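Top to bottom, those sequences are chains A and B. Each residue of the first sequence is one higher than the one before, counting from 15 in my numbering. Each residue of the second sequence is one higher than the one before, counting from 15 in my numbering. Where a beta carbon is used, it is the ideal one built from N, C-alpha and C, also for glycine. Note that the structure is a prediction, hence the values are computed from the model and not measured. Below: one structure, written as structure tokens.
2 protein chains.
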Amino acid sequence: MSNQNLFNPNTYSTATYRLFDDKADFAKKAEGIAVGLTVGSWTELPEVAKQKMEKHLGQVVSVDVHEPEGASPGERYADITVAYPDANFSRDLPALLVTTFGKLSMDGRIKLLDLSPSAEFLSAFSGPRFGIKGIRDRLGVHDRPLLMSIFKSVIGYDLPNLREQFLQQALGGVDLIKDDEILFENPLTPLEKRVEACIDAARQAERETGQKLIYYTNLTGPTSKLRENARRAIDAGANGLLFNVLSYGFDALAELANDSAINVPIAAHPALAGAYYPSPYHGIAASLLLGKLVRVAGADLSLFPSPYGSVVMPKEENLAIQAALMDKSLPLRETFPVPSAGIHPGLVPLILRDFGEQVVVNAGGGVHGHPQGAAAGGRAFRQAIDAVMAGRELADYAADHEELRLAIERWGVRNA
Amino acid sequence: MSNQNLFNPNTYSTATYRLFDDKADFAKKAEGIAVGLTVGSWTELPEVAKQKMEKHLGQVVSVDVHEPEGASPGERYADITVAYPDANFSRDLPALLVTTFGKLSMDGRIKLLDLSPSAEFLSAFSGPRFGIKGIRDRLGVHDRPLLMSIFKSVIGYDLPNLREQFLQQALGGVDLIKDDEILFENPLTPLEKRVEACIDAARQAERETGQKLIYYTNLTGPTSKLRENARRAIDAGANGLLFNVLSYGFDALAELANDSAINVPIAAHPALAGAYYPSPYHGIAASLLLGKLVRVAGADLSLFPSPYGSVVMPKEENLAIQAALMDKSLPLRETFPVPSAGIHPGLVPLILRDFGEQVVVNAGGGVHGHPQGAAAGGRAFRQAIDAVMAGRELADYAADHEELRLAIERWGVRNA
Numbered sequence: 015m016s017n018q019n020l021f022n023p024n025t026y027s028t029a030t031y032r033l034f035d036d037k038a039d040f041a042k043k044a045e046g047i048a049v050g051l052t053v054g055s056w057t058e059l060p061e062v063a064k065q066k067m068e069k070h071l072g073q074v075v076s077v078d079v080h081e082p083e084g085a086s087p088g089e090r091y092a093d094i095t096v097a098y099p100d101a102n103f104s105r106d107l108p109a110l111l112v113t114t115f116g117k118l119s120m121d122g123r124i125k126l127l128d129l130s131p132s133a134e135f136l137s138a139f140s141g142p143r144f145g146i147k148g149i150r151d152r153l154g155v156h157d158r159p160l161l162m163s164i165f166k167s168v169i170g171y172d173l174p175n176l177r178e179q180f181l182q183q184a185l186g187g188v189d190l191i192k193d194d195e196i197l198f199e200n201p202l203t204p205l206e207k208r209v210e211a212c213i214d215a216a217r218q219a220e221r222e223t224g225q226k227l228i229y230y231t232n233l234t235g236p237t238s239k240l241r242e243n244a245r246r247a248i249d250a251g252a253n254g255l256l257f258n259v260l261s262y263g264f265d266a267l268a269e270l271a272n273d274s275a276i277n278v279p280i281a282a283h284p285a286l287a288g289a290y291y292p293s294p295y296h297g298i299a300a301s302l303l304l305g306k307l308v309r310v311a312g313a314d315l316s317l318f319p320s321p322y323g324s325v326v327m328p329k330e331e332n333l334a335i336q337a338a339l340m341d342k343s344l345p346l347r348e349t350f351p352v353p354s355a356g357i358h359p360g361l362v363p364l365i366l367r368d369f370g371e372q373v374v375v376n377a378g379g380g381v382h383g384h385p386q387g388a389a390a391g392g393r394a395f396r397q398a399i400d401a402v403m404a405g406r407e408l409a410d411y412a413a414d415h416e417e418l419r420l421a422i423e424r425w426g427v428r429n430a
Numbered sequence: 015m016s017n018q019n020l021f022n023p024n025t026y027s028t029a030t031y032r033l034f035d036d037k038a039d040f041a042k043k044a045e046g047i048a049v050g051l052t053v054g055s056w057t058e059l060p061e062v063a064k065q066k067m068e069k070h071l072g073q074v075v076s077v078d079v080h081e082p083e084g085a086s087p088g089e090r091y092a093d094i095t096v097a098y099p100d101a102n103f104s105r106d107l108p109a110l111l112v113t114t115f116g117k118l119s120m121d122g123r124i125k126l127l128d129l130s131p132s133a134e135f136l137s138a139f140s141g142p143r144f145g146i147k148g149i150r151d152r153l154g155v156h157d158r159p160l161l162m163s164i165f166k167s168v169i170g171y172d173l174p175n176l177r178e179q180f181l182q183q184a185l186g187g188v189d190l191i192k193d194d195e196i197l198f199e200n201p202l203t204p205l206e207k208r209v210e211a212c213i214d215a216a217r218q219a220e221r222e223t224g225q226k227l228i229y230y231t232n233l234t235g236p237t238s239k240l241r242e243n244a245r246r247a248i249d250a251g252a253n254g255l256l257f258n259v260l261s262y263g264f265d266a267l268a269e270l271a272n273d274s275a276i277n278v279p280i281a282a283h284p285a286l287a288g289a290y291y292p293s294p295y296h297g298i299a300a301s302l303l304l305g306k307l308v309r310v311a312g313a314d315l316s317l318f319p320s321p322y323g324s325v326v327m328p329k330e331e332n333l334a335i336q337a338a339l340m341d342k343s344l345p346l347r348e349t350f351p352v353p354s355a356g357i358h359p360g361l362v363p364l365i366l367r368d369f370g371e372q373v374v375v376n377a378g379g380g381v382h383g384h385p386q387g388a389a390a391g392g393r394a395f396r397q398a399i400d401a402v403m404a405g406r407e408l409a410d411y412a413a414d415h416e417e418l419r420l421a422i423e424r425w426g427v428r429n430a
């Protein structure tokens, strides 16, 4: 194939695949992808047509075959990177995904590991409107990880109950509170009333704690009404939005994030992500799905299953997501990593060791299940964060911090 | 759990999962899902709260454990069906998917096998605007399977070339021609010009063949512009739309199908589907993804990888998709099944045996690769269809049908 490895990274976007096959000629397979997903045919073209078509032809960048001695059937694979000319697709994520992994996703045991959109492609994206720094600026908190909490139960509860749940969480000193992702428009807690009740509770708590708070309201409804519903929530006082990005597609998020009328941070929820990332043989890698794509599409926070709790993702995948969300080589603001599920105060040393300071500690049961209630639960987390930031052992710090002590009694401390 | 198996199928939607676990108490796991994805907690609720919350509580419908004697590790599983009260979510597919498989998709080895939306939920959906019968009426063809063809190469080609490709396909007597799913808005063949050129070619062919034709133009672009782009295509003469539904989400399709201004049939392309369905342990079953959901969302045709070609899906999965697309118990028009990829005229007997008459025979290489060109390729397919409909052997029929004879010389005949 001509021009191999001579593509221009400013105008070609690359895709990296892991392809399992016991017998395939992977180099030939890679060429088949580069031609088949771009100009369709190549070798049989007349010379003059080749000259005209060359700028549309995909290029094989690399083929790394992994064929360990004595490999069992099913273990032979290759990581293949192909460069696609931006000239072939429009500047939106559906076009990039359909081009690089549309038909190919169905062609045997193949997983999309990564995409590296070109500078030209990326120039069409504004990315996160706030990013890590913007969220910290809004809260006035720059010197510690942030703390997010989740409602305990929301379905079937009315406004006063929801407001009280919100208030108790807020009184514990959390920075961010998010709706449950399964809370949709409903008669008991309709969008605007819910926002008003919760933001009112946030103000009440703020008077007591002196601390600001962002409430991520779940943005739902028909695709064509997302913008209008976002504005309704914002007009009612919402200062953040939660969005089930995978159920609407990355472009819906990109359009929200790029809309100057939607001037609040957006948290991307990973609902449905498990349909894509867990298989080694199929789907889309978590670091791409919940890392790079979520960031390019413009989420200010990305939630994903932590390696610590019951719903688990391996730690290396968590760290690969984090790397993609904070990769300095991307010309976009950073997205806050939010490892979630099964988090209690005794895990805070581990979370900070693994993620550093630029992380959101996110808890539901670990806040609400505190023996003294949700407000004490929030305080226990804040104490755990303070302890780690001060370089203190949790058990030691807990000696004169009642809420943390009770939390540790309940859930223990995990240091590794 | 109270009320088990006593839910009302008109107001509860069910989800069926396959859950692999070597040790789990599957009955307990099922109860955990039914409670966890609805009211959040149950046993600890006071009696009066239970009375109020009961209508929001999920119900375990069935738990079928598969634990063969001498099963190897990794083989033990259960099929679990849970009923979710419609009261908990809004009447859109993102809400149904996030409720039933949002968080749960990330919880171990679990695959979503099926969803059975309630009558109440389904009443919000109009389904396919045309369906099998409506497409047949438009074409005036009721007595044989339809024939669709695909452009050979589209990227990098200009309007005269595309028009000529279209014309040659149309002259062969195909009923439907679809854009390539990777053809996006581009300077060489922009949407309206492309539609005008192709529809002009369709009219020219119609004068020669006396046969009507639907051209499925690829609908692409930003989510918020899909409706406008669809209208632009229709105003330019497009009488069908191709849509990469999985890259935009099922709701985007549902809104297009429900829009009276978009008065042409829609073909759903399965691009990205391989990221969901192939793993036995994760994702969403093909029959749900490319069958029931595509139909509920309103596609008039659903393309999926045939079991015959190079990009293959097992035949039983193909037939499960077909069953979902044509299931009489759903109060929606039927969606045409379009098994695709690797189809040549010698496969027509097999396709008709497996799918019956209500099928679209869809070919690309099998049309364009004919020794006498695309028009002859189309004729060879039509001859193969005629032969099977007349109860004749293909090889026998080919004796006095030149194009079919040449096709069989090239690709052979497969009878099983």
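Name, please, each residue of chain A whose Cβ falls closer than 8 Å to the Cβ of residue i.
i: residue 258(B); result: 108, 112, 116
i: residue 103(B); result: 196, 198
Under 7 Å between beta-carbons, which chain B residues line up against residue i? List them in chain order, please.
i: residue 285(A); result: 112, 116, 117
i: residue 163(A); result: Neighbours of residue 163(A) on chain B: none; closest Cβ ~14 Å, over 7 Å.
i: residue 360(A); result: Within chain B, no residue comes near residue 360(A); the closest Cβ sits about 22 Å away, beyond 7 Å.
i: residue 29(A); result: By Cβ distance, chain B contributes nothing, its closest Cβ being about 13 Å from residue 29(A), past 7 Å.
i: residue 70(A); result: 169, 170
Going by the beta-carbon positions, is the gap between residue i and residue j smaller than 7 Å?
i: residue 348(A); j: residue 146(A); result: yes
i: residue 84(A); j: residue 52(A); result: no
i: residue 26(B); j: residue 94(B); result: no
i: residue 77(A); j: residue 101(A); result: no
i: residue 290(A); j: residue 289(B); result: yes
i: residue 432(A); j: residue 312(A); result: Since the displayed chain A opens at 15 and closes at 430, residue 432(A) lies outside it and no answer follows.
i: residue 197(A); j: residue 172(A); result: no
i: residue 39(A); j: residue 90(A); result: no
i: residue 168(A); j: residue 392(A); result: no
i: residue 75(A); j: residue 97(A); result: yes
i: residue 363(B); j: residue 394(B); result: no
i: residue 255(A); j: residue 244(A); result: yes
For a test of the three-state rule: what should DSSP assign to residue i, helix, strand or coil?
i: residue 73(B); result: strand
i: residue 468(B); result: Residue 468(B) lies beyond the range of chain B shown here (15 to 430); nothing can be said about it.
i: residue 15(A); result: Low confidence applies here, because residue 15(A) scores a pLDDT of 38, under 50, leaving its location unreliable and the question unanswered by this model.
i: residue 391(B); result: helix
i: residue 97(B); result: strand
i: residue 23(A); result: coil
i: residue 423(A); result: helix
i: residue 49(A); result: helix
i: residue 125(A); result: strand
i: residue 78(A); result: strand
Please classify residue i as buried or exposed, where buried requires at least 16 other C-beta atoms within 10 Å of its C-beta.
i: residue 426(A); result: exposed
i: residue 193(B); result: buried
i: residue 351(A); result: buried
i: residue 125(B); result: buried
i: residue 423(A); result: exposed
i: residue 407(B); result: exposed
i: residue 113(A); result: buried
i: residue 62(A); result: exposed
Along chain A, which residues have their Cβ under 7 Å away from the Cβ of residue i?
i: residue 236(B); result: 106, 265, 269
Counting only Cβ pairs nearer than 9 Å, list the residues of chain E close to residue i.
i: residue 67(A); result: Any reference to chain E falls outside this structure, whose protein chains are A and B.
What does residue i touch in chain B if you count any residue whose Cβ is under 8 Å from its own?
i: residue 130(A); result: Going along chain B, no residue has its Cβ under 8 Å from residue 130(A), so there is no contact; the nearest lies around 18 Å.
task: Return the residues of the region 328-339 of chain A that lie within a Cβ-Cβ distance of less than 7 Å from chain B, sorted by chain order.
output: none
- request: For the region 37-60 of chain A, enumerate the residues whose C-beta is nearer than 8 Å to any C-beta of chain B, in chain order.
  value: 51, 52, 53, 54, 55
- request: Report the residues of the region 151-180 of chain A with a CB closer than 8 Å to any CB of chain B, ordered along the chain.
  value: 166, 167, 168, 169, 170
- request: Give the residues from the region 414-430 of chain B that approach chain A closer than 9 Å (Cβ to any Cβ), ordered along the chain.
  value: none
task: Please list the residues of the region 289-311 of chain A that have a C-beta atom closer than 7 Å to any C-beta atom in chain B, keeping them in chain order.
output: 289, 290, 292, 293, 295, 296, 297, 298
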